[in-house]
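Notes to accompany the following structure.
Number of protein chains: 2
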Amino acid sequence: MTHRDPGRARPAPTLEMVAALAGVSRATVSRVVNDSPSVDPQRARAVRDAIAELNYVPNRAARSLASRRTQAVTLVLPESTSKVFTDPFFASVIEGIAGYLAETEYTLTMILSSESTPDKTRRYLLGGNVDGALVVSHHSGDDSWARVSGSLPVVFAGRPLVGEAGSHYVEVENESGAATATDLLLSRGRRNIATIAGPQDMSAGIDRLAGWRRALARAGLDSSRVEFGDFSPASGAAAMRRLLARGAPIDGLFVASAQMAAGAYSVLESHSLRIPGDVAVVGFDDDEFAAALTPALTTVHHPVTRLGARMAETLVALIEGRPVERVTRLGTSLILRGSA
Amino acid sequence: MTHRDPGRARPAPTLEMVAALAGVSRATVSRVVNDSPSVDPQRARAVRDAIAELNYVPNRAARSLASRRTQAVTLVLPESTSKVFTDPFFASVIEGIAGYLAETEYTLTMILSSESTPDKTRRYLLGGNVDGALVVSHHSGDDSWARVSGSLPVVFAGRPLVGEAGSHYVEVENESGAATATDLLLSRGRRNIATIAGPQDMSAGIDRLAGWRRALARAGLDSSRVEFGDFSPASGAAAMRRLLARGAPIDGLFVASAQMAAGAYSVLESHSLRIPGDVAVVGFDDDEFAAALTPALTTVHHPVTRLGARMAETLVALIEGRPVERVTRLGTSLILRGSA
DNA sequence: CAGGCCGCAGAGAGCGCTCTCACGGGGTGG
DNA sequence: CCACCCCGTGAGAGCGCTCTCTGCGGCCTG
Chain Z
70 MTHRDPGRAR PAPTLEMVAA LAGVSRATVS RVVNDSPSVD PQRARAVRDA IAELNYVPNR
130 AARSLASRRT QAVTLVLPES TSKVFTDPFF ASVIEGIAGY LAETEYTLTM ILSSESTPDK
190 TRRYLLGGNV DGALVVSHHS GDDSWARVSG SLPVVFAGRP LVGEAGSHYV EVENESGAAT
250 ATDLLLSRGR RNIATIAGPQ DMSAGIDRLA GWRRALARAG LDSSRVEFGD FSPASGAAAM
310 RRLLARGAPI DGLFVASAQM AAGAYSVLES HSLRIPGDVA VVGFDDDEFA AALTPALTTV
370 HHPVTRLGAR MAETLVALIE GRPVERVTRL GTSLILRGSA
Chain W
70 MTHRDPGRAR PAPTLEMVAA LAGVSRATVS RVVNDSPSVD PQRARAVRDA IAELNYVPNR
130 AARSLASRRT QAVTLVLPES TSKVFTDPFF ASVIEGIAGY LAETEYTLTM ILSSESTPDK
190 TRRYLLGGNV DGALVVSHHS GDDSWARVSG SLPVVFAGRP LVGEAGSHYV EVENESGAAT
250 ATDLLLSRGR RNIATIAGPQ DMSAGIDRLA GWRRALARAG LDSSRVEFGD FSPASGAAAM
310 RRLLARGAPI DGLFVASAQM AAGAYSVLES HSLRIPGDVA VVGFDDDEFA AALTPALTTV
370 HHPVTRLGAR MAETLVALIE GRPVERVTRL GTSLILRGSA
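Okay, here's the thing in structure tokens:
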């Protein structure tokens, strides 16, 4: 090993040392570091020089102990890791969050809350590690945060389903988006319209199904052709298979996620059903799956990156005590491509 | 709003309050919390009851200030967000890391170090937030960690290229894996073997190219048919196009990532070249891309999840001052499928 | 020219925890 | 029966920072 034992860090320089080197008091150094006004420019300069010379970085633990703030927020990802990171939805949400926070003084941490370690998550959240939390993919079964909100600002992606009246969240207009998608199928003359719905323990799953139902009800049509998936391609394929196995005719299909649509495509193809000729398909989510399919998927676009950004914005406002909308609802638009 | 102002957290219970309630000293509570031995069982019970009653969670800032440890490690992701989270490689590495750490007392945080905020990253790493860092996707241009290692234990995924002699890392045997893959093409009678190499500022890119070269040299064959990509599907397609545009015959192809192979496939297809009939293809990475292609990709498998786990294991050992291998090299195996 | 202010700096008291050290009491061995 | 240990406990000193409060000049006002 050519360099110092990496396991034993060299003692970090402290505020005190900077103060000594600059010939001022600790308080003054602190003022400079937090660039509070009213510090003599010359002294400020001396302090800055000393900081550079010592390569000083303020100790967060000390700072947050004294100030009761951490300047960090965390993203809680309760799903299984591989699932989370493969789903383009999460990627975009995270991108939006990171983008907004980059403009602020807050750093983003992420914690993967597996079912096996709920307590660790709770301890992390309540242990003064972060000023607030962002919760994504909020199944009704998850309750890692239940004993947390109230003690810590929390913002959810999507409307929480249970017991969280009054909580802050950002959501997409899932229901109206789904209804619009279904209306498109109707306007194409389709009358036997099925849906592959998402999980019914997530508001996105529930609301998209409700939108499809509403559109069909308005048109006086049957809304019994429903099968469920979990938003993944494989589950979409399985649902499509079940739908076809029913034997009822299907000439239109609304799929609650682009990934499930990808699965459905492969099954339709293996049954020699053409898209959109035999079955017109409209999806939800405008990600790379949607664009990469052949024919490209007509789908409901929603601003996922903005959803992330807005979550971060809401959380920061909450933390800093600024007034903020409790609920943000983001609109959708229909992207017309080849599948319908 | 039906519940308390989320921006203002209720004051958290402290060690002191627990001690008062349990009728013991702070030191004793601390002993119980850190389950150090030699505490009277009856008092320990009283303490535990008090903790439960107050819903007490130790304050991390205070704890780490006093103990100089944070019990947290961070994963530094220097790439652009969307890229990172879409690549199945990262997903698996993270899974491995999270899996190992779940067994320990350490929590995992992640920080996205965009080029725009290198200083924020550095401050985070050196500011006493974490006991160590894991660095993934280490381009030679990135140096956020350069002023960090030496002050903080760091473990890299892949061999760092520059100035990090003595640093700890975990890597895959890229070169021998690539050579084996190329040997397979040779054994299939192919003699005009091209490669789509990865970026030459990452050891994975360099070493896989070197392995291909070595195999061809050993066979006394020409190794001039090289084009480069950045591991993404689009770059693979572009490289394939350049390769074909050269006009030189190609009957074998080694691609340094499965994602690039996906891109190459589409270009070969559009040129009516059959796989493996006209061009036999071997890839690297055994992810969903590899399996999903038609024909399924014969590829070099490497244990990505284990790579993550081993990184975490190495880091924890480093932090705790336990002896540990500086370098771990993980073997590869060849997965035979339809493309070669 | 006196009184008051305001701008800037320093002193000092914590923030909540860990950890060393000293202490008391009961058991052991000489 | 006394010296010695050792186990379990509490007291107290920090860890590195923030922030209030006080103090000290110099300038403006009357």
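Which chain is which? The protein sequence lines are Z and W, in order. So the number in the numbering used here is just where the residue sits in the first sequence, counting from 1, plus 69. So the number in the numbering used here is just where the residue sits in the second sequence, counting from 1, plus 69. We put the beta carbon where it would ideally sit given N, CA and C, even for glycine. Treat the numbers as computed from the prediction; the structure is a model and nothing was measured.
Below 7 Å on C-beta distance, what does W:Asn128 contact in chain Z?
In chain order: Gly196, Gly197.
At a Cβ threshold of 8 Å, is Z:Tyr193 touching chain W?
It does: the Cβ of Z:Tyr193 has a partner Cβ on chain W nearer than 8 Å.
Chain W beta carbons: is any one of them nearer than 8 Å to that of Z:Met179?
By this cut-off, Z:Met179 is an interface position.
I want to verify the contact list: residues of chain Z whose CB lies under 9 Å from the CB of W:Thr173, in sequence order.
Those do not exist, as W:Thr173 stays about 10 Å from chain Z at its closest Cβ, beyond 9 Å.
Taking Cβ positions, are Z:Ser173 and Z:Ala141 nearer each other than 8 Å?
Contrary to the premise, residue 173 of chain Z reads as Thr rather than Ser in this sequence. In this structure, Z:Ala141 does not lie closer than 8 Å to Z:Thr173 by Cβ.
Compare the C-beta of Z:Thr83 against all C-beta atoms of chain W and say whether one is closer than 8 Å.
It does not: the Cβ of Z:Thr83 has no partner Cβ on chain W nearer than 8 Å.
Which residues, in chain order, does the segment 243–255 of chain Z contribute to contact with chain W at a C-beta distance below 7 Å?
Under the 7 Å Cβ criterion, the segment 243–255 of chain Z contributes no residue.
For W:Met271, name the three-state secondary structure that DSSP assigns.
If DSSP states are grouped into helix, strand and coil, W:Met271 belongs with coil.
Could you tell me which chain W residues have their CB closer than 7 Å to the CB of Z:Thr176, listed as they occur along the chain?
Neighbours of Z:Thr176 on chain W, chain order: Ile180, Lys189, Tyr193.
Can you tell me which of Z:Asp104, Z:Thr190, Z:Glu382, Z:Gly352 puts its alpha carbon nearest to the alpha carbon of Z:Thr251?
Out of Z:Asp104, Z:Thr190, Z:Glu382, Z:Gly352, Z:Gly352 has the C-alpha closest to the C-alpha of Z:Thr251.
For Z:Pro318, which residues in the same chain have their Cβ closer than 8 Å to its Cβ, ignoring the five residues on either side in sequence?
Taken in chain order, the residues that qualify are Asn261.
Have a look at W:Val87, W:Gly201, W:Pro268, W:Gly407 and flag the residue whose alpha-carbon is nearest the alpha-carbon of W:Ser236.
That would be W:Gly201, whose Cα lies nearest to the Cα of W:Ser236.
Looking at C-alpha atoms only, which residue of W:Pro82, W:Gly316, W:Glu242, W:Val98 is the closest neighbour of W:Asn128?
Nearest C-alpha to W:Asn128: W:Pro82.
For the beta strand (DSSP E) that Z:Phe158 lies in, which residues bound it at each end?
It is not in any beta strand (DSSP E) - Z:Phe158 instead sits in the alpha helix (DSSP H) that spans 157–171.
Classify Z:Val231: buried if its beta carbon has 16 or more other beta carbons within 10 angstroms, exposed otherwise.
Label assigned to Z:Val231: exposed.
Going by C-alpha distance, which of Z:Arg343, Z:Gly346, Z:Ala325 is nearest Z:Thr368?
Selected option, being the one with the closest Cα: Z:Ala325.
Tell me the residue span of the alpha helix (DSSP H) that contains W:Arg100.
Run containing W:Arg100: 95–102, per the alpha helix (DSSP H) assignment.
Taking C-beta to C-beta, are Z:Ile180 and Z:Tyr193 nearer than 8 Å?
In contact: Z:Ile180 and Z:Tyr193 (Cβ atoms closer than 8 Å).
Output the distance between the C-alpha atoms of Z:Leu312 and Z:Leu342, rounded to the nearest integer angstrom.
Rounded to whole angstroms, Z:Leu312 to Z:Leu342 spans 13 Å at the Cα level.
According to the Cβ coordinates, are Z:Leu90 and Z:Ala119 closer than 8 Å?
Yes.
Quick one, are the C-beta atoms of W:Val224 and W:Leu399 less than 8 Å apart?
Cβ atoms of W:Val224 and W:Leu399: not closer than 8 Å.
Return helix, strand or coil for W:Pro75, following the three-state DSSP convention.
Because W:Pro75 sits at a pLDDT of 38, beneath the cut-off of 50, its placement in the model cannot be relied upon, and the following sentence gives the value as read from the coordinates. Coil at W:Pro75, not helix or strand.
Helix, strand or coil: how does DSSP classify Z:Ile344 here?
Coil at Z:Ile344, not helix or strand.
Verify whether the separation of the beta carbon atoms of W:Ala263 and W:Arg228 is less than 8 Å.
Contact: no.
Between the segment 376–383 of chain Z and the segment 356–365 of chain Z, do three or more beta carbon pairs fall short of 8 Å?
Touching, no, given that fewer than three Cβ pairs across the two stretches are closer than 8 Å.
Going by C-alpha distance, which of W:Ala330, W:Leu254, W:Gly298, W:Pro364 is nearest W:Ala288?
W:Ala288 has its Cα closest to that of W:Leu254, out of W:Ala330, W:Leu254, W:Gly298, W:Pro364.
Pop quiz: W:Ala131 and Z:Leu134 are said to be a contact at Cβ under 8 Å. What is the actual Cβ separation, rounded to whole angstroms?
Confirmed, Cβ separation roughly 5 Å.
Chain W partners of Z:Ser206, CB-CB under 9 Å?
The premise fails here: Z:Ser206 is roughly 14 Å from chain W at the closest Cβ pair, so nothing lies under 9 Å.
Give me the residue from W:Gly280, W:Ala279, W:Val205, W:Met86 with the minimum Cα distance to W:Asn124.
The candidate whose alpha carbon is nearest that of W:Asn124 is W:Met86.
How many angstroms separate the CA atom of W:Leu221 from the CA atom of W:Leu144?
Distance between the alpha carbons of W:Leu221 and W:Leu144 is about 13 Å.
Return the first residue and the last residue of the alpha helix (DSSP H) that W:Glu357 is part of.
First-last of the alpha helix (DSSP H) with W:Glu357: 357–361.
Expressed to the nearest angstrom, what Euclidean distance is found between the alpha-carbon atoms of Z:Leu195 and Z:Leu203?
If I take the Cα positions, the gap works out to 14 Å.
Hey, quick one: how far does the alpha helix (DSSP H) through W:Thr367 stretch, first residue to last?
No alpha helix (DSSP H) holds W:Thr367; the beta strand (DSSP E) holding it covers 367–370.
How far does the beta strand (DSSP E) with Z:Val398 in it extend, from its first residue to its last?
The question names Val, but residue 398 of chain Z in the sequence shown is Arg. Looking at the DSSP string, the run of the beta strand (DSSP E) that includes Z:Arg398 is 396–399.
Taking a cut of 7 Å between CB atoms, which residues from the segment 107–137 of chain W lie near chain Z?
So the list reads Val126, Pro127, Asn128, Arg129, Ala130, Ala131, Ser133, Leu134, given in the order they occur along the chain.
Using the rule of at least 16 other Cβ atoms within 10 Å of the residue's Cβ for burial, across every protein chain shown, is Z:Gln328 buried or exposed?
Answer is buried; the Cβ neighbour count reaches 16.
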